[in-house]
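These notes are about the structure you will find just below.
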Amino acid sequence: MTKLPTRSPTHEDVPIGRLSSMGLELEEIADDEVVAIDALAELAEDRGRPASHYLAAVSLATDLKVGPDAVTSVRVCVGTCQRYGALDMLDHLVTRWGKSGGFVIAPVSCLDQCDKAPACEIHGPHGKLVLAPTTAAGLDEALDSLTS
Ligand code: FES
10 MTKLPTRSPT HEDVPIGRLS SMGLELEEIA DDEVVAIDAL AELAEDRGRP
60 ASHYLAAVSL ATDLKVGPDA VTSVRVCVGT CQRYGALDML DHLVTRWGKS
110 GGFVIAPVSC LDQCDKAPAC EIHGPHGKLV LAPTTAAGLD EALDSLTS
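The opening position of the sequence shown corresponds to residue 10 in my numbering, with each subsequent residue numbered one higher.
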C-alpha cells in the first residue's frame with residue numbers, strides 16, 4: 010500500500026477476527042483449495058451476511074481461490090479499498106455473476122492503486138483493464154464489452 014485517497018473513508022473494514030472465522034467456514038465448503046462462487050453465495054445467504062464479506066475472507070484469511078475458473082477474471086482489492094466501497098463492488102459482481110456468469114471473481118489484498126480506491130482489474134484475452142476508482146456502472150460497462 011502506498012497512498013490513500015484524499016477523500017474521507019465511507020466504509021469500515023470487516024474486523025479481521027470475523028474474517029478469520031468466515032475463512033474457516035469457507036475451508037469447510039472448499040474443494041481442492043477452490044471455493045465455488047455459488048456455494049459461497051449460498052453460505053452467505055444462510056448466515057445472513059453479505060457475500061462480499063466471505064470474498065474478503067477468501068483473500069485475507071485463507072489460501073483458497075474462488076471458482077469456477079473463467080477466461081475473464083475480475084480482481085478486486087479487499088485491502089484498504091474496503092474503506093472506499095470495495096465490498097459494494099464485490100456484492101454487485103456476485104449479483105451479476107448469478108445472472109450471467111462469464112467471469113471469475115478474484116479478491117486480492119492490494120492492486121497498487123490505493124490512492125484511487127476502490128480498485129479493480131479485469132484480466133482476460135484483451136489484456137488488463139484497470140478500473141480505479143471502480144463504480145458498479147463502470148464494471149458493468151467493462152464486463153458487457155469484454156465478456157459478450
Ligand atoms: S489497498 Fe492497494 S489497491 Fe486497494
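We treat Cβ as the ideally placed atom computed from N, Cα and C, and that holds for glycine.
Taken through DSSP and simplified to helix, strand or coil, residue 90 comes out as helix. For residue 125, the CB contacts under 8 Å within the same chain, skipping 5 residues up- and downstream, are 14, 141, 142 in chain order. Here DSSP, grouped into helix, strand and coil, assigns residue 45 to strand. With the rule of 3 Cβ pairs closer than 8 Å, the region 87-107 counts as touching the region 22-31. Counting only runs of at least 3 residues, the region 72-123 fully encloses the following beta strand (DSSP E) elements, listed from N- to C-terminal order: 74-76, 82-86, 113-117. For residue 13, the secondary structure class from DSSP, reduced to helix, strand or coil, is coil. When the beta-carbon positions are compared, residue 50 and residue 103 come within less than 8 Å of each other. Within the same chain, Cβ atoms closer than 8 Å to the Cβ of residue 130 are found at 83, 84, 120, 137, 138, 139, 140, the five residues on either side in sequence being excluded.
Boundaries of the beta strand (DSSP E) around residue 133: 129-133. Using a Cβ distance threshold of 8 Å, residue 116 and residue 68 count as a contacting pair.
DSSP places residue 67 inside the alpha helix (DSSP H), whose first and last residues are 60-70.
Secondary structure at residue 22: coil, using DSSP grouped into helix, strand and coil. Of the other Cβ atoms in all chains shown, 16 or more fall within 10 Å of the Cβ of residue 65; this residue is therefore buried. From the listed residues 16, 79, 150, 144, the smallest Cα separation to residue 111 is found for 79.
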